[in-house]
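Q: These protein sequence lines map, in sequence, to chains A and B. Position 297 of the first sequence, counting from 1, maps to 296 under numbering that gives the first Met the number 0, and the rest follow consecutively. Position 308 of the second sequence, counting from 1, maps to 307 under numbering that gives the first Met the number 0, and the rest follow consecutively. In this text, a Cβ means the ideal position worked out from N, Cα and C, and glycines have one as well. Here it is: the structure, laid out below.
There are 2 protein chains.
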Amino acid sequence: MSMLKGFHKGDIRPFLVEGQQVGLIKSDVLKQLVKYPEVFCIRDCEQTKQGLVELNPAFRDYNERTEQLEKVLRNLRSEELFPALQGWRDEYFEVKSDHRALLKMERAATPLFGVRKYGVDINGYVRHPTQGLCIWLQQRSNTKETWPGKWDNMVGGGLSVGFGIKETAIKEAAEEASIPSDLVKNLVSAGCVSFFFESRQGLFPNTEYVFDLELPLDFVPHNADGEVQAFELLPAKECVERVFTPDFKTTSAPVVIDFLIRHGHITADDVVDFTQIVELLHVPLQSLYIYKTRLEQIQKQQKQQQQQQEKLPNDESNCNCGSLPIKPLENGHKKAA
Amino acid sequence: MSMLKGFHKGDIRPFLVEGQQVGLIKSDVLKQLVKYPEVFCIRDCEQTKQGLVELNPAFRDYNERTEQLEKVLRNLRSEELFPALQGWRDEYFEVKSDHRALLKMERAATPLFGVRKYGVDINGYVRHPTQGLCIWLQQRSNTKETWPGKWDNMVGGGLSVGFGIKETAIKEAAEEASIPSDLVKNLVSAGCVSFFFESRQGLFPNTEYVFDLELPLDFVPHNADGEVQAFELLPAKECVERVFTPDFKTTSAPVVIDFLIRHGHITADDVVDFTQIVELLHVPLQSLYIYKTRLEQIQKQQKQQQQQQEKLPNDESNCNCGSLPIKPLENGHKKAA
Numbered sequence: 000m001s002m003l004k005g006f007h008k009g010d011i012r013p014f015l016v017e018g019q020q021v022g023l024i025k026s027d028v029l030k031q032l033v034k035y036p037e038v039f040c041i042r043d044c045e046q047t048k049q050g051l052v053e054l055n056p057a058f059r060d061y062n063e064r065t066e067q068l069e070k071v072l073r074n075l076r077s078e079e080l081f082p083a084l085q086g087w088r089d090e091y092f093e094v095k096s097d098h099r100a101l102l103k104m105e106r107a108a109t110p111l112f113g114v115r116k117y118g119v120d121i122n123g124y125v126r127h128p129t130q131g132l133c134i135w136l137q138q139r140s141n142t143k144e145t146w147p148g149k150w151d152n153m154v155g156g157g158l159s160v161g162f163g164i165k166e167t168a169i170k171e172a173a174e175e176a177s178i179p180s181d182l183v184k185n186l187v188s189a190g191c192v193s194f195f196f197e198s199r200q201g202l203f204p205n206t207e208y209v210f211d212l213e214l215p216l217d218f219v220p221h222n223a224d225g226e227v228q229a230f231e232l233l234p235a236k237e238c239v240e241r242v243f244t245p246d247f248k249t250t251s252a253p254v255v256i257d258f259l260i261r262h263g264h265i266t267a268d269d270v271v272d273f274t275q276i277v278e279l280l281h282v283p284l285q286s287l288y289i290y291k292t293r294l295e296q297i298q299k300q301q302k303q304q305q306q307q308q309e310k311l312p313n314d315e316s317n318c319n320c321g322s323l324p325i326k327p328l329e330n331g332h333k334k335a336a
Numbered sequence: 000m001s002m003l004k005g006f007h008k009g010d011i012r013p014f015l016v017e018g019q020q021v022g023l024i025k026s027d028v029l030k031q032l033v034k035y036p037e038v039f040c041i042r043d044c045e046q047t048k049q050g051l052v053e054l055n056p057a058f059r060d061y062n063e064r065t066e067q068l069e070k071v072l073r074n075l076r077s078e079e080l081f082p083a084l085q086g087w088r089d090e091y092f093e094v095k096s097d098h099r100a101l102l103k104m105e106r107a108a109t110p111l112f113g114v115r116k117y118g119v120d121i122n123g124y125v126r127h128p129t130q131g132l133c134i135w136l137q138q139r140s141n142t143k144e145t146w147p148g149k150w151d152n153m154v155g156g157g158l159s160v161g162f163g164i165k166e167t168a169i170k171e172a173a174e175e176a177s178i179p180s181d182l183v184k185n186l187v188s189a190g191c192v193s194f195f196f197e198s199r200q201g202l203f204p205n206t207e208y209v210f211d212l213e214l215p216l217d218f219v220p221h222n223a224d225g226e227v228q229a230f231e232l233l234p235a236k237e238c239v240e241r242v243f244t245p246d247f248k249t250t251s252a253p254v255v256i257d258f259l260i261r262h263g264h265i266t267a268d269d270v271v272d273f274t275q276i277v278e279l280l281h282v283p284l285q286s287l288y289i290y291k292t293r294l295e296q297i298q299k300q301q302k303q304q305q306q307q308q309e310k311l312p313n314d315e316s317n318c319n320c321g322s323l324p325i326k327p328l329e330n331g332h333k334k335a336a
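In structure tokens:
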């Protein structure tokens, strides 16, 4: 799995809007943004020593931030530098931090800025009298912009402004698979998976809220919005095989793998790397967006050190390990919770 | 939650046996180990720049490593420096890396060396006709060495050498709750939770393999080994409340929270910090034990750089961003997968 590729290369830096980290920017994107110094401030943080990309803090409000950013995006699109922008949809994604809306951004551009995305997925399943647990999969339409013709979960979709999470799942269940309300009432919230996928399009730090839906034997989903070309009911065992093939949409595989694990069809006794697989379904994305938390920690530490120095100018008697070569660990540690 | 506390303080270093990282050592333990230079080599790795604690690589085999370490542990115990060692059980834990047994260590000492531990847990539940989903909890005996009198999962236990994961769950189900084989056959593997707990006893980087077991309405568990003082069947809603109280064993709470999430009793629409909670149930412990992987990465990078320098002695034309102040991110990033 190529998840989190690039994180040891030191070529990704936080993207800040109004002092809040809302994204991650790779060096290929940075190389272009540096040409718009009136929109992006590219600097090192004095305290965290991190390189940062900051949307000009002089912009007054949501609208000015949105317009200024969009001007740059339209330029980059016309220069045809990024494949992601060739999928321009005239659809906005709202960039928020701590539930406060900061600006809206063309959806196709979000992978360039490594903005966290959220979606919902429904695992539709049947308890078959002879075949056991079976799972409904959809095959995506060949005309879809992304992942055409690939196998996918029965139902999935992005979260939109103003809709609740379960509400979105119910809406998508009707649009994508024509699931009637008397069946969708059995929807069970079952957690979430988080993963970090990187491709030519950019960065995909995604969290999918997961629902399970047991369906009656005689129900057959059919598509209502033209985005699906087929549905197939697959025994769990065959599903385990298909989900690891290139015919399956890479960014949907974690949801199906999580389902198969939760229902006992991928187990620790069968798979050597079981705990590593489970860890990869729950990448701590939170820890990639902590610029502000880290800054506050450093400031707090500095203040404490200052206070301590004032109290104990020459007294180091409470430390016996001064002569030991203790150095901080520098790699891969999740933030304190 | 105090999980992962201390990771930003730089006071924890890898513990290596035969070049493999098998643990993590805090500075309070380090201060004692430094007194046994014939057993522990305390040094900085030239390449990763990390401080390391290494079991003397001159020890020839499993037995010599075990004996030399045990001598130190018995000394530390008699000095009464660590509360963990006062719970000495004369029970061994086998320390392995890549499925190779390196040494065995008194179980009570494992938190001092931050050795990863593995266990199994069974969520016993009932689908009650009027109360809905109900969960069986056990109250630990008041005479238990650890967490006496606290509420806990119906069944739980550590993995032992030579036993499979499901096999251990079945054995514990009989010993702790007298669950007969015709009921235990319905056991469903449901994944694992990983967490990092720190207390006065030391470090607990634990992974629990989780099983769900639906039980009939009329079954009542009873204890067979004297380690449980009571069992109680609790409606899911009350369980959500109890699991967050101090009456619940802290290191068992993640298993119950995971169960409640998977069965739709803690949902993303109800809880603001839902994704953070799920992340905390799946702390990427793997990324804390990667000294060797990191060393190999650095060596590979150095080799590549060397090869590149030989090829392109003065040619930097393929890099346009030399003038940008790009610095690597330094915090909290999970290793590439």
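Hey, would you say L202 (chain A) sits closer than 8 Å to G86 (chain A), going by beta carbons?
A: no
Q: Take F243 (chain B) and list the residues in its own chain whose beta-carbon comes closer than 8 Å to its own, dropping the five residues that flank it on each side.
A: A252
Q: Given this structure, state the Cα-to-Cα distance separating I289 (chain B) from P283 (chain B), to the nearest angstrom.
A: 11 Å
Q: If you follow the beta strand (DSSP E) that Y91 (chain A) is part of, which residue opens it and which one closes it?
A: From DSSP, the beta strand (DSSP E) with Y91 (chain A) extends over Y91 to S96.
Q: In chain order, what residues of the same chain lie with their CB nearer than 8 Å to the CB of F58 (chain B), ignoring the 5 residues before and after it?
A: R64 and Q67
Q: Under the DSSP definition of a beta bridge, which residues are partnered with V192 (chain A)?
A: A:E207
Q: Would you kindly check if the distance between the Cβ of V125 (chain A) and the Cβ of V16 (chain A) is under 8 Å?
A: no
Q: Any idea which residues DSSP pairs V282 (chain B) with across the strands?
A: V282 (chain B) pairs with nothing; no bridge assigned.
Q: Between which two residues does the beta strand (DSSP E) holding V119 (chain A) run?
A: K116 to H127
Q: Taking the alpha carbon of L75 (chain B) as the point to measure from, which residue in B:Y61, B:Q19, B:Y35 and B:S198 has its own alpha carbon closest?
A: B:Y35
Q: Is it the case that the Cβ atoms of G131 (chain A) and Q138 (chain A) are separated by a distance below 8 Å?
A: No, they are not a contact pair.
Q: Return the chain-ordered list of same chain residues with a C-beta closer than 7 Å to the C-beta of F247 (chain A), the five sequence neighbours on each side being excluded.
A: K149, W150 and R241
Q: How many whole angstroms separate the CB atoms of Y91 (chain A) and M104 (chain A), which I take to be in contact at a CB cut-off of 8 Å?
A: 7 Å
Q: Mind checking whether C127 (chain A) and S177 (chain A) have CB atoms under 8 Å apart?
A: Here residue 127 (chain A) turns out to be His, not Cys, going by the sequence shown. No.
Q: What are the boundary residues of the alpha helix (DSSP H) that K184 (chain A) is part of?
A: K184 (chain A) -> no alpha helix (DSSP H), and no H or E assigned at all.
Q: What residues in its chain sit with their C-beta under 8 Å from that of D10 (chain B), if we drop five residues either side in the sequence?
A: K25 and S26
Q: Along chain A, in chain order, which residues have C-beta atoms closer than 9 Å to that of V187 (chain B)?
A: R261, H262 and G263
Q: Quick one: does C191 (chain B) have its CB under 8 Å from some CB of chain A?
A: yes
Q: Tell me the rounded alpha-carbon separation between L102 (chain A) and G161 (chain A).
A: 15 Å
Q: What is the DSSP secondary structure of E213 (chain B), counted as helix, strand or coil?
A: strand
Q: Just to confirm my understanding: we take R12 (chain A), look at its own chain, exclude 5 residues before and 5 after, and list those with CB closer than 8 Å. What are they?
A: L23, I24, L29, Q49, G50, L51 and V52
Q: Report yes or no: is there a C-beta of chain A within less than 8 Å of the C-beta of G113 (chain B)?
A: no
Q: Between Q200 (chain A) and P82 (chain A), which are expected to be in contact by the criterion C-beta below 8 Å, what is the C-beta distance as a whole number of angstroms?
A: That pair is a contact at about 6 Å.
Q: Is N122 (chain A) near L212 (chain A), with beta carbons less than 8 Å apart?
A: yes
Q: Between which two residues does the beta strand (DSSP E) holding F258 (chain B) run?
A: Run containing F258 (chain B): none in the beta strand (DSSP E); it sits in the alpha helix (DSSP H), A252 to R261.
Q: Within 8 Å (strictly less), CB to CB, does P283 (chain A) reach chain B?
A: yes
Q: Just confirm the distance between the C-beta atoms of V227 (chain B) and E144 (chain B), as a whole number of angstroms; I'd bet it's less than 8 Å.
A: Actually they are not in contact, since the Cβ atoms of V227 (chain B) and E144 (chain B) sit about 14 Å apart, beyond 8 Å.
Q: Give me the DSSP bridge partner(s) of E53 (chain A).
A: A:L15 and A:C40
Q: For the stretch 225-255 of chain B, list the alpha helix (DSSP H) runs that are entirely contained and at least 4 residues long, ordered along the chain.
A: 235-242
Q: Does DSSP classify S26 (chain A) as helix, strand or coil?
A: helix
Q: Strictly below 8 Å CB to CB, what residues from chain B border I164 (chain A)?
A: T266, A267 and D268
Q: With DSSP run on the structure shown, which of helix, strand or coil describes V219 (chain B)?
A: Look at V219 (chain B) here: in three-state DSSP terms it is coil, with no helix or strand label.
Q: Anyone know if the C-beta pair for F218 (chain B) and S188 (chain B) falls short of 8 Å?
A: no
Q: With A267 (chain B) as the anchor, note down where its beta strand (DSSP E) starts and where it stops.
A: A267 (chain B) -> no beta strand (DSSP E), and no H or E assigned at all.
Q: Just the Cα atoms here: how many angstroms apart are E78 (chain A) and L158 (chain A)?
A: 30 Å
Q: Checking contacts by CB at 8 Å: is Q275 (chain B) closer than that to chain A?
A: yes
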